[in-house]
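Participant:
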Amino acid sequence: AQSVTQLDSQVPVFEEAPVELRCNYSSSVSVYLFWYVQYPNQGLQLLLKYLSGSTLVESINGFEAEFNKSQTSFHLRKPSVHISDTAEYFCAAMIYNQGGKLIFGQGTELSVKP
Amino acid sequence: SQTIHQWPATLVQPVGSPLSLECTVEGTSNPNLYWYRQAAGRGLQLLFYSVGIGQISSEVPQNLSASRPQDRQFILSSKKLLLSDSGFYLCAWSPSAYEQYFGPGTRLTVT
Chain R
453 AQSVTQLDSQ VPVFEEAPVE LRCNYSSSVS VYLFWYVQYP NQGLQLLLKY LSGSTLVESI
513 NGFEAEFNKS QTSFHLRKPS VHISDTAEYF CAAMIYNQGG KLIFGQGTEL SVKP
Chain W
1011 SQTIHQWPAT LVQPVGSPLS LECTVEGTSN PNLYWYRQAA GRGLQLLFYS VGIGQISSEV
1071 PQNLSASRPQ DRQFILSSKK LLLSDSGFYL CAWSPSAYEQ YFGPGTRLTV T
């Protein structure tokens, strides 16, 4: 069965430091990949997505993720985090041609400290 | 622009009582609709999805059911709630087979 693994459940980091949230997926077929962010007691917001084309995708608030097919990874990075980036981040995969069902990782709690 | 609504925002229900959570989408037609549950400290579990009126697919055998009486309305129900039904319920919609957009969620506590 396909699965998504987020390797870190919690990532504490100081403000203005770089951060990487790791995500690996297991699938032998084509996938679309997504990162969602969830602030406390809110729904999920789409942060960025990889459907095809350039393997490096960027969000409007400075995050980027790189699709690496050989390593089946889609790690999320930001060169300098802000306090406001504190949230839970979910990596998700959608198997091509399977009705649009998302498979989520367990989430990574990013905590940015001053 | 498209918006998705869920209500109620929070709900406290006793064990054995019925449940009805509603999700509606505005500004689009014939969306794919999804119900997810997020238990405390865990990821999201897909419960149901629908590609059209009256078309419901269940992902996990459980105490819940879903219905889609109108194109942009998706309802999650239970006849008798269990303690294990507590969680954060999220509705999502998709314009195609690609990205999904989530509602604000309903926090359900079963006591």
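Line order of the protein sequences matches chains R and W.
If you're matching positions, the first sequence starts at 453 in our numbering and goes up one per residue.
If you're matching positions, the second sequence starts at 1011 in our numbering and goes up one per residue.
All C-beta atoms in this analysis are idealised placements derived from N, C-alpha and C, irrespective of residue type, glycine included.
For clarity, every value in this text was computed on a predicted model and none was experimentally measured.
1) Would the beta-carbon of GLU1032(W) fall within 7 Å of that of TRP1017(W)?
2) Please list the partners that GLN558(R) has in chain W, where partner means a Cβ-to-Cβ separation under 7 Å.
3) Just to make sure I have the definition right: I need the residues of chain W whose C-beta is within less than 8 Å of the C-beta of PHE519(R). Which are they?
4) So what does DSSP say about LEU1074(W), is it helix, strand or coil?
5) Could you check which residue in PHE486(R), GLU467(R) and GLU468(R) has the C-alpha nearest to that of PHE556(R)?
6) Going by Cα to Cα distance, which pick from ALA545(R), LYS530(R) and GLY552(R) is closest to VAL463(R)?
7) Taking only beta-carbon atoms, is GLU1032(W) less than 7 Å away from chain R?
8) Which residue wins for smallest C-alpha separation from LEU1057(W), given the options ALA1019(W), SER1087(W) and PRO1028(W)?
9) Identify the residues that DSSP records as bridge partners of ALA569(R): which are they?
10) What are the partner residues of LYS501(R), as DSSP defines its beta bridges?
Facilitator: Considering the structure as presented:
1) Yes; because the gap between Cβ atoms is below 7 Å, this pair is in contact.
2) Listed along the chain, the chain W residues whose CB falls inside 7 Å of the CB of GLN558(R) are ARG1052 and GLY1053.
3) The contacting residues do not exist; PHE519(R) stays about 15 Å from chain W at best.
4) Correct three-state label for LEU1074(W): coil.
5) When each option's Cα is compared against that of PHE556(R), the closest is PHE486(R).
6) Taking only the C-alpha atoms, the option nearest VAL463(R) is LYS530(R).
7) So no, GLU1032(W) is outside the interface.
8) Checked all of ALA1019(W), SER1087(W) and PRO1028(W); the closest Cα to LEU1057(W) is SER1087(W).
9) Missing from the structure shown is residue 569(R); chain R here goes from 453 to 566 and no further.
10) Looking at the DSSP assignment, LYS501(R) forms a beta bridge with PHE486(R).
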